[in-house]
Structures are given as structure tokens and as C-alpha cells.
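If you read the protein sequences in the order shown, they are chains A and B. For the first sequence, position 573 matches number 555 in the working numbering, and the numbering has no gaps at all. For the second sequence, position 111 matches number 93 in the working numbering, and the numbering has no gaps at all.
2 protein chains.
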Amino acid sequence: MLAVLERWLHPILIVIAIIAVVYALVNFGTVKRILIGRPMRTRELHAQHNKLLWFIALPILSADLYSSVAYGPEAGMTELAHLGAPAKWLILPITAATVMLLVLLIASYIMGVMAYPNGGGAYAIAKDNFRRPWAALTAASALLVDYVLTVAVSVSAGIQAVSSAYPAIAPYETTLSILCILVILLVNLRGVAESATVFAWPTILFMISMAVLIFAGFVDEVRHGFTRPATPPLGTWPQGLTTLLILKAFSSACSALTGIETISNAVPVFREPHQKNAIKAYIALGAITGATLLGFAFHLYIRGISVDPNNTMLSQLAGLYFGHGAVYQVIIWSTFIVLILAANSTFTGFPQLAALVAGDGFLPRALTVRGDRLGYSNGMIVLAALASLLIEVFHAETNALIPLYAIGVFLSFTVAQIGLVRRWWKVREGFWRVKLAVNAAGAAITASVAMVFAVTKFTDGAWIVLVVLPLLIGVSLAVHRHYLEIGDELRIDPTTMRPQTHAVVSIVLVSGVHRVVLHTLSFAQSIHSNVIALYIGFDDPSIEQMKARWEAWGSPCKLYTVKSEYRSLLRPLALFIQALEQIEGRADHIHVIIPQFIPRKWWHNILHNQSALLIRLWLLRNKDVVITTVPYHLHK
Amino acid sequence: MLAVLERWLHPILIVIAIIAVVYALVNFGTVKRILIGRPMRTRELHAQHNKLLWFIALPILSADLYSSVAYGPEAGMTELAHLGAPAKWLILPITAATVMLLVLLIASYIMGVMAYPNGGGAYAIAKDNFRRPWAALTAASALLVDYVLTVAVSVSAGIQAVSSAYPAIAPYETTLSILCILVILLVNLRGVAESATVFAWPTILFMISMAVLIFAGFVDEVRHGFTRPATPPLGTWPQGLTTLLILKAFSSACSALTGIETISNAVPVFREPHQKNAIKAYIALGAITGATLLGFAFHLYIRGISVDPNNTMLSQLAGLYFGHGAVYQVIIWSTFIVLILAANSTFTGFPQLAALVAGDGFLPRALTVRGDRLGYSNGMIVLAALASLLIEVFHAETNALIPLYAIGVFLSFTVAQIGLVRRWWKVREGFWRVKLAVNAAGAAITASVAMVFAVTKFTDGAWIVLVVLPLLIGVSLAVHRHYLEIGDELRIDPTTMRPQTHAVVSIVLVSGVHRVVLHTLSFAQSIHSNVIALYIGFDDPSIEQMKARWEAWGSPCKLYTVKSEYRSLLRPLALFIQALEQIEGRADHIHVIIPQFIPRKWWHNILHNQSALLIRLWLLRNKDVVITTVPYHLHK
């Protein structure tokens, strides 16, 4: 019996899902109301933000960057795992290099905050400082791709943290990750105030957890000494280590730096003076993140933690210090929550950027439409779909996703910094030479890092990004061209071009003499006098019968009949219209009137011919005729 | 690099499949022409059949029954497999019982042929002899379910035969089976002459193969004696054997009897005298099938063949006699082809029966529509979809599908035989007492067999059929009631009810002043004078701007504006229509005219608002208004 259940569970779930989707499509309003909540008025959008103190804004805006601590160092060490214990000490120099890059990036971003107090993302900076659109599009595409990866990586890493504590869920990581994304999507479709103070607490909790962990590590080391039997020897050159491998490990570790741009996009959220407070937050965040990375990496080295795909390094270290009790649970769950928050924050960033780019005409305009709850719902849905696809393809393995990650960020960093360099060169005020130098150095280093990523990770997955990016840029340019062309085509001169009346022939399609035809003919004759009826029969007897019935009905209008030898309605109709266009040369518009049953229950449609729908779709695409549907609502 | 390929292969295939489906939907005509071929005229349907000699018709019509030899005995033994070698001798009595049932069934079917010379399936017999529709519907539903199972079982068994010879394909059995079904579907959508003589050859080849196999077995036994070390002892009662288990094994073995009804449905195909020739064919087919079953089972026993899920018993036996050379290959491939032919013949039976039932108003009428190539294409597609679903759910394991099988056949046998009993009782001519006795005995035995199936296989899957059957009958009755009610509702008295003109208000939805609006207004004013324009704006500035532009355009008609605070078009439009219905009480029809962009390339639609479509769908379902779409075909 259980085997039967198991066999049928999956298909039954699929069937339920299909029914749910169909129901949702048909009763869209109700389902949406339940899931998404009541629609909101446009003017509710401009309700005043509460401006935040910098040390409150800091945790709110730092989930994205700080949460990367949970997977960055581990991603670096995964690259070196096959070299065994002798390579473990490399975590120290690699982390140190990562932290140096962090400092440089924060310095460059502080320059950005100075230049664009209203929050200038890489796209805005590039748009402002490059004449041609491709620079801004490069930055935007790179960021959009990386937003998708942020969701995929953060959610996978979060689920992996939990499955380290509860190995029983390990086989379901993919499903659980996609479920998480759906929940985040729903929450965001309902609308979340991005800067709600509640979001500060999980990040603060995670920061405290990490501080406790690092402190516990030092206590442990003071009590048991700074070397252990497990501590790998320092400075030995493991066999098989190559420069390429070091660069790969470094670039993976740099995934810990993603999310650094969040504060610069949110400068207006800070209390006055915006810029000063944002800079303070940047410095504090840099210090905290740097210290965490260094301390965490140091303890990982001392205890000689190895990479274990079923148990994250963070979980291993916490287990060593605290066992698997309450403290361990707090660390695991705060890691999970902060990673989910990082994914969540992306559900604000991606749709906003997409709407910005779409507003400039480079992406489909549907991305600029605000949903019922005022969020850019289409962008959110696209983000959730793409991230779910990535998770499905990569089976929610964080370390398989990392190689795709970070290229985009560093590429957009580079574009933004070059933009700032151009700006300082143009502006030449204040300490412009210093700023220019910082950004030039930043540009050089981020460009090299992006290059290193692209080369070293090419075969591991980076090629995907390098294929997708130019594609995305090309599509954006094509979209823009299309919109410009359409705009030209639709423009009219209102003083000279006015509506004019033309001769119209209205063809009513009739299938017999019954109530629906009666209803349709009544309408047709009410609006227009030049009405003819067309009957398409499949054989001679049915045509003769129709003619007789029409006459018995007193011939309400002229009836044409056509025999369809192929039992298709479209071909004879098309030929009839063509003939009409030629014979009745004076008809500028041909107008086809189609009666349509509307059954009382939507699923009754399966019992009725859908030819009205098919004819309409086909005519609309293939003929320049006006189509009217006259519904007849069945009562039974 | 290979790992990357493997990771992406599946998703890339899915993407290609999606693109193919979208392309096919959009360019349906072309794709259909390539796959299905040119449409055929209705009159081509009645081209004369070539009437067949009985010994030519025999192999053509016997693929379904005879091919079951390939899985019937094996299905029986699978039930006893866990009892080990001591149970192997039971194949002899079980096969003997199966053959006795075969003889009885053939006798009853000969009675059926006598009564219904034009080919009477169980549905026709039941319809003719029961006043209430449920008896005929029981027969029809049972047969439809079993047709689906025939396809699933035959195709799975065919693929299993091939994978016995080529174990490398074993992991792909499900995919290959579904692929086979798709190919059969395509071939049938193109249209195959059911009684084409070419179909005789594979069955003849398979019959000869089986004859050679059985002959080789006897030669082998004459040379090496009728007992071997492997021959299981005869008549020992294996531990764990129960009556229930014997009944289960017997009912599984009876799956070898499915397809017996084919000849009785095809009596008119035979040369004159139809009935006599059909009866000859029935007797010959019974003799051949019975002999094959007995001989095959006997050799299986002598060589002590065990059930092996990776190697069919037929393949094992052929391997023992002939090695894996040419003869073995001929046996395997002729088995495969004849099983595929059995599935193929179902693609004629299922759609014809479904069309018959639908023609009586018990199933959706779409099933009676002939496709381009004159076959009932909708029925074929439904059959292929259901069979593929079953194969997917049961991972193409023949032995997992067998418990669902055969109940339906025996149930419909029972209904048909009771029907014939009623008929003989009514008619009372000729040897009616003998005929009545044969059919009464047949009814009793097939009823008991069906009951045994239902009880013994209940937990193995038979419950599915026992749930589906009443559901199907209930749905059929509901469908019938729906059609009757609709017919009543639509009927009018042509002498008194004539079209009448009413007052109509036409609302043109405008989104600005541009070429599409110009085009739409021109049409609206051409057909009708009572035209008003409606603009739905999301904020006050846009509404003011629209008013100004309308005035600058010389106000072609009265413009109403509505502000949508929720950025939705549907709600304000619905409210406006409601207000109009109340204010302009004299308007019997409200007529909404919607301008619609038609881009040059279908995929450009993604760049444009689909609100025209949404509005139309929503209005059609929820409001009693007439909807006109005025297409504007973009040139760019």
C-alpha cells in the first residue's frame, strides 16, 4: 500500500498543482486577493519614509554583504580541497587579500556616495558619464545577472546551513530552495517596506553570533594553545598547487564581497546629512565584515577544518566550540535567516533596476508596471523564475553556482568606477585628484579581478555569464530600437489627421438557426445595415438544409454558403474574405462578427467547440479585418 | 567540460522543446503540414475498402491478441516469482486454464459475430439490448480504459523485449516508450489504412518466429530428454502458496487474452460471406494462440526459466536455443514490431469508440471531429496522452501495469454477453437456446474472472480502474444532461422569433492620440453613430494632458475620463459600464471597441502591453457586452 502511495504521490501532487494553476488562472482575482492582499492606491506609494539613524540603517542594508561571510571563505577553500591538508594554510593569505580588496571597494564606493547623494547605482553612474548606452547597459546587465545569482547562491547556502544541522533534509535541498524563493516572492508581491526596522534584528543577531563564535575561538585557543595536532603546517607549498589554482580560490573567496553596493543605492534612507551618515555606515560595515572574515578564517585554520559538502565549515566550527546545543542552533538559524534576507533584499534591487532600464526603453515596458501592492511585480516574478531555474539546474549546490557569481559584480564595479573617473576629470573640484586616483585604482583592480574570474572560472561556468551578458546587451539595444521605430510609426499630426468614415461590410458567421444566432444577428443589424450571413458547411445536405431553414426564418439578411471540403473553417473563411475584398471594392473595412457561447461554468468549455476562439486568433494575425465577438451567456 | 554538458543537456533540451512548442503553436499550419501531411477531402473517406480473404485478414486483425503472448505467461509467473523454483510448474495448469478461457471467449464472440454482422462492439451490443444508458456506458468506459492500458502495456513490453537484447537502453525505457507512443500517434494522425496488407507481415513473421521457437524447443527436448537438472519438480506444493496467489497469477496470465474483440469489430472487412469468414478467422486465431501459449509455457517449464526483470522469459528461452545470433534478433525484433502494431491498432479502436459515444452525446463533441487526414485526431491525442501518463507513472514496467489491465476487458465482455443473452431471449429463432447457453456461460465466467481480478489485484493497482470507471460513467451521464439542457435552451421558434434592432452604445477605449486610436475611431464611426471614447488614467496629470490633446484633436467624439487609483483597467471599466447601463437606460447592448496592436513578429508581443487581451477575456466572462477588436498591424 505504501509503495502504491509512493508511486502515486508525485503524479497526484502534479495534478493538484495543475488544477491549482488552472483554478488560479480562472479565478485570478480571488486567488490574488488571498495571496497578495488588497490592491493599494497609487498615492500610497509616496508615504513618507522614516529616515534612519546610520547604525540602524547599517544592519538593515548589510544583510547582502555580511551574509556572504557564510559561504565566501568556504567557496575559496573548496577550490583547494583536493590538495588536502597541506593547502589549508592558504586560507590565511587568501582571506587577507579578500579583505584588502574589500577596503579598496569601500573607499571607491564612498567616492560614489559623494558624487551621487540620491543613490547612484552603477547604471545611473554609467548613464550619467558615458554618451553611448552600452556602458550603462553593461553595468545593468551585469548587475541583473548577479542579482539572480545572489538569490540562487544565498538561498542555496541558507538551506545548506540548515541541512548541516539536519542531514535528513539534504536530499530535498533543491525543492526546499525553490520553495523558499516562492515564499520570498509572495512576501515581496504582498509588499515589504524595504527599510523596515524589523529587518535589522536578524542581521544584528547573526553579527553577534559571529562575534561570539570568533571570541569563543580565541578563548579556546588561549586555553589550548595556538597550534593543535590538526593545525596544518604554515607555508608549505603543497604538491599540485599552481598560480591558476590560487587565483581560482581567491576569486571564489571574493564572492564574500558581493552586496557591497547596497548602501550606495540607498543613501536617501539615511538621516540628514545623508552622505556623511552613509559613509559612516560604509566604514563601520567594512570594519565589521573585514574583522569577521579574518577571525573566522583564522579559527578555521587553527582547527584545521576541511571542506565537507554535507556540513558547512561554519557549522563544523560552531559544533566544535559549542556542541550541537542551543548556541549552535542560534548560529545555524541566524545564518539561514540572514541569507534569506540577503535574497529578499534582491527582490527590491532587481525589479527597481529592471524598471529603471525598462523606463529608458531598453527592456520590455511590462517591467515598469507597478502591481496591486505597488511593487514591480513582473520584475519580481522574472527574478524568482530565473533564480529557481538556476537552482534546479545546479541542484542547489552553492559551490557549483559560485563560479558564475561575482564576475557580474566586479564588471559593474569597473564600469561605475571608470564612470566616476570620467566625472572627476570633467568636474575638477575639491579633492578631485585624490578621488580620481582612488577610483582609477579601484577601476584597475576590479577590472583585473573580473578578468581573473572570467579566465580562471571559464570552464567551471563563467562562460555562461560571458555568453549571457553580450546577449542581454544586444537584446536591450534591439528592444530600444523597436520602441523608437514603433513610436515613429504611431505618431500622427493631430491637426490634419482626423477619423474618417469608410464603407464597412459586416459578415455574421452562422452555424444554424438558434438562439445564439438570433442574438448575434440582432446586434449586427442594430449597429449596421450592410450585414451578410455566412454559413460554412461540410457537405451538400447540411448546406441545403441551412438554406431551407434560413428561408423558413424569413431570410433576416442575405445568406452566403460555402462548402468546406477539408472540414476547416479558416480556409473557406479566408477565401470568402478575399473574394469580398475584390468584389465589393468599396468596402474599406471587413468586419467579421462571431457568436460565442459563454458557458456558466468555465470547465464546460471543454464540451463546446472552441472554433470562435480559433477563428478570432487566426483572423487577427493573418487578415486585416475587424473582429467582433457577441457573447451569449448560457444559463445552464 | 563533459560534466558541464551533462548538467546543461537536460535543461537545454527542455528549452528547445519549449521553443519548438511555441513555434508550432504560432506557425501551426506549416508544422502540421510537415508532420501530418496535406488535408484530405471529406469524400475521400468513403473510398472503397478492399475486402480481404480471411487468412489475410487474420494476421492483420490479430496483432492485438497474439502479441499478448509476449507478456501474458511472464506476467502470471511474476506473481509467483518469490516462491522460487518449486512454484515454477504452476505455469502449466495456469496456462491450460487461460487457454480454456480463450476457447470459451472465442465461442461467445462467434455468437456476437452472428448477431451483429456489421461489427458490433460491446458498446453497440449493450446499447441495442439495454434500455438504460449505463450498461452501454459501462462497456464503453471499460473498453476505453483498457485501450489506454493496451497501448501502455504493449509499448512497455515491446521496449522491454528490445532492452533484453540491448541492456544498455534499459535506463531509458520510460523515455523510449513515450517516444514510441509519439511516433505511433504521428503515424496515425497522418492516417493509416487500418486494414493495409503490409500490417499482415510482421504478425506473420512473429507467428513463424514463435512456431520456430516452439519447434526448436521440441527438437531440443527430443535430443536432451524431457527433464533436465533445471526442470522444476512437478506437482510439489510450494511453501507460501495460497489460493489468492494462484488466482492472482491466473488473472495476470489472462492479460494474454486481451485484444480478442478486434475481429468482431471488423466483420465488414472480410470478403463475402462476411460472417462465415470472420468465424473461420476466429477459430484459426484461437487455435494458433492456444497452441502458442501451451507450447511456450511447456518449454519455459522444461528449461526452468525464471522471471528476470532485465531479460524477458521469451528472450531467455530464445537465447538458450539459438544463442544471440540472427535468429534471436529476428525473434526480439518481430516481438517488438508486433507489440507496436498492437498499440497501433488501438489508435483506431479508441478514437472510433470515443467518437461513437460522443456522437450519442456522452462525451465531449470534439471527439467526433475528423482531423485533416480524416482520422478522429482528438481521440488519438487523448489516447497518446493518457498512455504516456501511465507509462511515466509506472516507469514503463509492464508487470506493474498488468494489474490494472484486463479488468476492463472482462467487464466489457460480461456486459456484451449479458446483452447477447437478452437478445437471444427476445429473438428466439434458430438455435437460440444453444446460443443463449453459450453466452450465459460466457457471461458467468467472464463476470467471475472480472470479480477475481478486482478482488485479488485491488491493492496492486486494480483500485485505480475501479475508481476511474464509475467516475467516467458519472461524467458521461453529466455530459449528456448538459448537452440536452443546452439544446433546449438554444431552440427557438423560427416563425415568431426574428432578429430585432436595439439601441447600442459603443465605447472606444483610447490610450492617447495616435495612429492606432485614429484607425479605431474611424472604424467605430463608420459602423455606428452613438460612439463615445473612454480614457482610463492612473493620475490627474495624465488625465488633464489627455483632455487637452483630445481637444487639440478637435474632439472627434465625446471623451469620458476615469481615474484608476489602483492602476487596473478592469475595475474602472466595469464600473463605467455599470453606470452606463443605468444612466443610458435605453441602450440594450453595450459595445466595447478595443484597439489592438498586431506586431510584425509574434515575439514582439512581449514588448507590448497585453491589456487589450486581458480586458477582452475579462469582459467576455463577466459582463454581457459585445466586444470588438480593431487590429492595427504594425509595419515595423
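For glycine and all other residues, C-beta sits at the position ideal for the given N, C-alpha and C.
Reference residue i, options the options, closest by Cα
i: T120 (chain A); options: A:T396, A:S430, A:H496, A:I474; result: A:T396
i: M648 (chain A); options: A:P538, A:Y517, A:S370; result: With chain A covering -17 to 618 only, the question about residue 648 (chain A) has no answer from this structure.
i: A78 (chain B); options: B:L62, B:V169, B:G58, B:A97; result: B:G58
i: T428 (chain A); options: A:S458, A:W535, A:F392; result: A:F392
i: T351 (chain A); options: B:S550, B:T502, B:N512; result: Checking the sequence, you will find Val at residue 351 (chain A) rather than Thr. With distances taken between Cα atoms, V351 (chain A) lies closest to B:S550.
i: K33 (chain A); options: A:I363, A:E467, A:G199, A:H256; result: A:H256
i: D442 (chain B); options: B:Y387, B:L371, B:V487; result: B:Y387
i: Y148 (chain B); options: B:H306, B:V431, B:M82, B:V375; result: B:H306
i: P115 (chain A); options: A:I242, A:V457, A:L171; result: A:V457
i: V498 (chain B); options: A:N512, A:F200, A:L472; result: A:L472
i: T317 (chain B); options: B:H464, B:M192, B:L345, B:A369; result: B:M192
i: V375 (chain B); options: B:Q399, B:I446, B:F278, B:G341; result: B:I446
Spatial neighbours of residue i in its chain, beta-carbon cut-off 8 Å, leaving aside the 5 residues before and after
i: P581 (chain A); result: N587, L589, H590, L616
i: F112 (chain B); result: A118, G401, R404
i: A300 (chain A); result: L195, V309, Y310, I313, I314
i: S233 (chain A); result: A388, V431, V434, F435, T438, K439
i: V607 (chain A); result: I559, H571, I572, H573, V574, L601
i: S546 (chain B); result: I518, G519, F520, R553, P554
Residue i, buried or exposed, once every other Cβ within 10 Å from all chains shown has been counted against 16
i: F413 (chain B); result: exposed
i: E411 (chain B); result: exposed
i: I245 (chain B); result: buried
i: V420 (chain A); result: buried
i: T185 (chain B); result: buried
i: D522 (chain B); result: exposed
i: M(-17) (chain A); result: In this prediction, M(-17) (chain A) scores a pLDDT of 45, lower than 50, which makes its location untrustworthy; the coordinate-derived value is nonetheless stated afterwards. Exposed: under 16 other Cβ atoms inside 10 Å.
i: Q560 (chain A); result: exposed
i: V251 (chain A); result: buried
i: K408 (chain B); result: exposed
i: I242 (chain B); result: buried
i: R285 (chain B); result: buried
i: Q399 (chain B); result: buried
i: M93 (chain A); result: buried
Own chain residues within Cβ distance below 7 Å of residue i, not counting five before or after
i: Q30 (chain A); result: Model confidence at Q30 (chain A) stands at a pLDDT of 47, short of 50, so the residue's coordinates are unreliable and nothing is read from them.
i: L35 (chain B); result: R253
i: T502 (chain B); result: V490, I575, P577, V612
i: A436 (chain B); result: I389, A444, L448
i: L84 (chain B); result: L239, G268, T271, G272
i: G361 (chain B); result: F332, P333, A336, A337, L349
i: H510 (chain A); result: V486, S488
8 Å contact criterion, which residue i and residue j should meet: CB distance rounded
i: G54 (chain B); j: A269 (chain B); result: Not quite, the Cβ-Cβ distance comes to about 17 Å (not below 8 Å), so this is no contact.
i: L40 (chain A); j: A266 (chain A); result: 6 Å
i: A212 (chain A); j: I76 (chain A); result: A212 (chain A) to I76 (chain A), Cβ: 19 Å. No contact.
Close beta carbons around residue i, own chain, < 6 Å, minus the five adjacent residues each side
i: L557 (chain B); result: none
i: S159 (chain B); result: V137, S138, I141, I373, A378
i: N604 (chain B); result: none
i: L43 (chain A); result: T244, I245, A248
Contact list for the segment 424 to 444 of chain A against chain B, Cβ threshold 9 Å: Within the segment 424 to 444 of chain A, the qualifying residues are T441, D442, G443.
Short-range partners of chain E found in the segment 594 to 617 of chain B, where Cβ spacing is below 8 Å: Here chain E cannot be found, since the structure's protein chains are A and B.
Residues, ordered as in the chain, of the segment 470 to 487 of chain B that lie near chain A by beta-carbon distance below 9 Å: For the segment 470 to 487 of chain B, the residues whose beta carbon sits under 9 Å from a beta carbon of chain A are, in order, D470, E471, L472, R473, I474, P476, T477, M479, R480, P481, Q482, T483, H484, A485, V486.
Members of the segment 523 to 538 of chain A that neighbour chain B once the beta carbon cut-off is set at 8 Å: Listed by position, the residues of the segment 523 to 538 of chain A near chain B (Cβ gap below 8 Å) are R531, A534, W535, G536, P538.
Interface residues of the segment 500 to 520 of chain B facing chain A [CB-CB below 7 Å]: If the cut-off is 7 Å between Cβ atoms, the segment 500 to 520 of chain B has L500, L503, S504, F505, Q507, S508, I509, H510, F520 near chain A.
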